[in-house]
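Structure record follows, encoded as structure tokens.
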Amino acid sequence: MDIKLKIWRQKNASTKGRFEDYELRDVSPEMSFLEMLDYLNKQLIEGGKEPVTFEHDCREGICGTCGLYINGRPHGPQQHTTTCELHMRAFKDGETIVVEPWRSKAFPIIKDLAVDRSAFDKIMNAGGFVNIDTGSAPEANNIPINKKISDRAFDAAVCIGCGACVAACKNSSAMLFVAAKVSQFALLPQGKVEAAERVQRMVEKMDELGFGFCSNTYACEFDCPKGISVEFIAQMNREFLSAKLCAHKGH
Amino acid sequence: MKQSNFKLSSLSHKTILALAGLFLMLFLCTHLLTNLLLLAGDSRAFDAAVAFLSSNPIIKVVEYVLFAGFIIHILMGVIVWINNSRARPVKYYVAQGSETSFFSKFMIHTGLIIFTFLVIHLINFFFIKLGWVALPDYAKDTHDFYSMAVVLFKEPLYVILYLVSFVFLGFHLKHAFQSAFQTLGLNHDKYFPAIKVIGTIYALVISIGFSIIPIYFLFFH
Ligand code: HEM
Ligand code: SF4
Ligand code: FES
């Protein structure tokens, strides 16, 4: 298939970017979206031009680095699919595909399509961990956990930190990501211990970094490649409210 | 944890917005019930309700709470909106195509339309009661809301403004009802689908309920 591409090019954070148009022939429908970009870059390099910078690592939907905003949707048109798992068969022959970076004040552009998502790391550093030394792997049945609860914690823990929720949200809100992390810990006994402090710290950090507020538009859930539910946002709201109302001073 | 200078978090802003919004939604119910008495055929039932509401000391207090509720809700709504409009300085080239709760994108717009209506509404009724606006000659006294309503609802332009406002109020409420529950952490697979349905019914009842009244007076009175 032949496609037309409109790709955002920007030298670095401080220069102005612009769209660049490309035409690509003989693209195989079996190529992944990133393989298509590799194919484009090969041609650019052979023509003595600067290749398009984009992020990727695992190329199997688990690392969360590959987010691109494709034709108005984070990770492209296919639900529950990361950019690296998206295939060219999802597009039509002759189609124009517009590729943009995540747009958010909290995610400044590094180069072309690569954005700096260290804001997420800062939120994790503010509380996304368990402080107690849990030692080596404990005996599985020492701490009884309801299967439904552990499944729920797992549903939250599948978040890969890709930032599509921020990219999809009209307010650039990071609520779905933070909610997934807060809930994953709050649901399990080891994480419960510090739950009240954790949620307050992570929310405070999230606000400080310039993410927007949540308008409950639910675009995040729709475009999350892992299908994280907005019920976790409600869970975080509960955790936060009870921490503010019930936790003692200093906690 | 460190409690530095007094600064409300995003979630606290939203919680206050939602609580004030829920309170306003309750108020709309009582206001609708009172207004429906206008349809009783003559002014007796409505006048009796106005007399009760105007003389009851508890209602006097509630009036101030209601004012505060509006001011807090509007203030929080505007703060949330300002913050959100700063979070994405460079917009996308292709408009966002994700499926969303449609009316959630226009809350500030529907809110400001409601606010405009509210100001006109207060000038026409409440401020007369307070003596801030002169009593129109057709009204018996400052509590004669029945006559004031009858005269206003004979005015097609006012009726159109009224109806349009309530359509937009309906849009605001369609998103707002379930959103308030989500904000307060009350989203749960057991009852959230029901909350969404109740919210849609609530929005319809409020906007249709209020709209019947001017239509009745314009065409059938
Ligand atoms: C009787 C009138 C009103 C009622 C019953 C009402 C109710 C509500 C409720 C329940 C919410 C949901 C809160 C949440 O998302 O958690 C809401 C949101 C909102 N309201 Fe109102 N509201 C009214 C009037 C207004 C007015 C006059 C404004 C003027 C600015 C306004 C601005 C907003 C905004 C901007 C939001 C959404 C904030 C966001 O994006 O998260 N509302 N309203
Ligand atoms: S919640 Fe979903 S969209 Fe957001 S960072 Fe996690 S995996 Fe990505
Ligand atoms: S490259 Fe790892 S998730 Fe796409």
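Taken in sequence, the protein lines are chains A and B. Residue 837 is where the first sequence starts when you use the numbering used here, and the numbers rise one by one after that. Residue -7 is where the second sequence starts when you use the numbering used here, and the numbers rise one by one after that. Virtual Cβ for every residue (Gly too), placed ideally from N, Cα, C. Bear in mind that the values here come from a model prediction, so they are computed numbers and not experimental data.
Using only the alpha-carbon positions, how far apart do residue i and residue j sit?
i	j	result
Ala214 of chain B	Phe137 of chain B	This structure gives no information on residue 214 of chain B, because the portion of chain B shown stretches from -7 to 213.
His23 of chain B	Ile198 of chain B	10 Å
Lys166 of chain B	Phe173 of chain B	13 Å
Val1029 of chain A	Lys1080 of chain A	16 Å
Val82 of chain B	Leu114 of chain B	40 Å
Tyr183 of chain B	Gly13 of chain B	20 Å
Lys801 of chain A	Met1042 of chain A	This structure gives no information on residue 801 of chain A, because the portion of chain A shown stretches from 837 to 1087.
Ile968 of chain A	Asp874 of chain A	44 Å
Glu1067 of chain A	Ile100 of chain B	24 Å
Leu58 of chain B	Leu16 of chain B	7 Å
Leu876 of chain A	Met924 of chain A	13 Å
Phe1047 of chain A	Thr851 of chain A	23 Å
Gln914 of chain A	Cys1060 of chain A	11 Å
Cys1082 of chain A	Lys1017 of chain A	21 Å
Gly912 of chain A	Glu921 of chain A	10 Å
Leu186 of chain B	Phe927 of chain A	With the sequence shown as reference, residue 186 of chain B is identified as Ala, and Leu is not the correct amino acid for it. One C-alpha to the other measures close to 38 Å.
Pro1025 of chain A	Asn907 of chain A	42 Å
Val951 of chain A	Pro865 of chain A	27 Å
Val934 of chain A	Tyr84 of chain B	10 Å
Thr932 of chain A	Met872 of chain A	14 Å
Leu196 of chain B	Gly162 of chain B	6 Å
Cys21 of chain B	Leu29 of chain B	13 Å
Leu176 of chain B	Asp133 of chain B	44 Å
His213 of chain B	Glu147 of chain B	13 Å
Gln(-5) of chain B	Gly61 of chain B	Note that Gln(-5) of chain B scores 46 on pLDDT, short of 50, meaning its location in the model is unreliable; the coordinates nonetheless yield the value given after this. Cα-Cα distance, rounded: 27 Å.
Ile1069 of chain A	Ser1 of chain B	15 Å
Ser90 of chain B	Arg909 of chain A	6 Å
Pro128 of chain B	Met1038 of chain A	57 Å
Ala992 of chain A	Ser35 of chain B	59 Å
Ile959 of chain A	Glu1057 of chain A	20 Å
Leu153 of chain B	Leu31 of chain B	20 Å
Lys947 of chain A	Pro937 of chain A	9 Å
Met(-7) of chain B	Gln1020 of chain A	Caution applies to Met(-7) of chain B, whose pLDDT of 42 falls short of 50 and renders its modelled position unreliable; the value that the coordinates give is listed next. Approximately 21 Å, taken between the alpha carbons.
Ser954 of chain A	Asp857 of chain A	30 Å
Trp844 of chain A	Arg854 of chain A	6 Å
Lys1006 of chain A	Lys6 of chain B	16 Å
Glu896 of chain A	Ile74 of chain B	39 Å
Lys52 of chain B	Tyr130 of chain B	26 Å
Ala168 of chain B	Gly191 of chain B	8 Å
Lys(-1) of chain B	Leu1077 of chain A	15 Å
Ile985 of chain A	Ala1022 of chain A	10 Å
Any chance the CB of residue i is under 7 Å from a heavy atom of the ligand HEM?
i	result
Val70 of chain B	yes
Trp73 of chain B	yes
Thr918 of chain A	no
Asn1073 of chain A	no
Ser4 of chain B	no
Pro1042 of chain A	Correcting the residue type first, residue 1042 of chain A is Met in the shown sequence and not Pro. Checking the Cβ of Met1042 of chain A against the ligand HEM gives no.
Leu14 of chain B	yes
Leu104 of chain B	yes
Ile946 of chain A	no
Ile100 of chain B	yes
Are there any heavy atoms of the ligand SF4 lying less than 7 Å away from the beta-carbon of residue i, as far as the coordinates show?
i	result
Pro185 of chain B	no
Gly997 of chain A	yes
Asp964 of chain A	According to the sequence displayed, residue 964 of chain A carries Gly and not Asp. No - the ligand SF4 has no heavy atom lying nearer than 7 Å to the Cβ of Gly964 of chain A.
Ile906 of chain A	no
Phe990 of chain A	no
Leu9 of chain B	no
Cys1001 of chain A	yes
Phe1021 of chain A	no
Phe211 of chain B	no
Leu1012 of chain A	yes
Ala1016 of chain A	yes
Should residue i be counted as a contact of the ligand FES given a C-beta to heavy atom distance under 7 Å?
i	result
Cys899 of chain A	yes
Arg895 of chain A	yes
Cys780 of chain A	Since the displayed chain A opens at 837 and closes at 1087, residue 780 of chain A lies outside it and no answer follows.
His164 of chain B	no
Cys1056 of chain A	no
His892 of chain A	yes
Cys902 of chain A	yes
Which chain C residues are close to residue i, counting only those with a beta carbon under 7 Å from its beta carbon?
i	result
Tyr1054 of chain A	Chain labels in this structure do not include chain C; the protein chains are A and B.
Inset, instruction - Evaluate contact between the segment 1062 to 1078 of chain A and the segment 88 to 108 of chain B, counting only Cβ atoms and requiring at least three cross-stretch pairs below 8 Å. - result: no
Legend entry - Uninterrupted beta strand (DSSP E) stretches inside the segment 914 to 947 of chain A (no shorter than 3 residues): 932 to 936 and 945 to 947
Inset, instruction - Pick out the complete beta strand (DSSP E) segments inside the segment 53 to 98 of chain B, 3 residues or longer, and give them in chain order. - result: none
Legend entry - Segment contact flag, the segment 974 to 981 of chain A with the segment 875 to 890 of chain A, C-beta cutoff 8 Å, min 3 pairs: no
Legend entry - Contained alpha helix (DSSP H) runs [length at least 4] in the segment 1002 to 1084 of chain A, N- to C-terminal order: 1011 to 1022, 1025 to 1028, 1031 to 1044, 1055 to 1059 and 1067 to 1082
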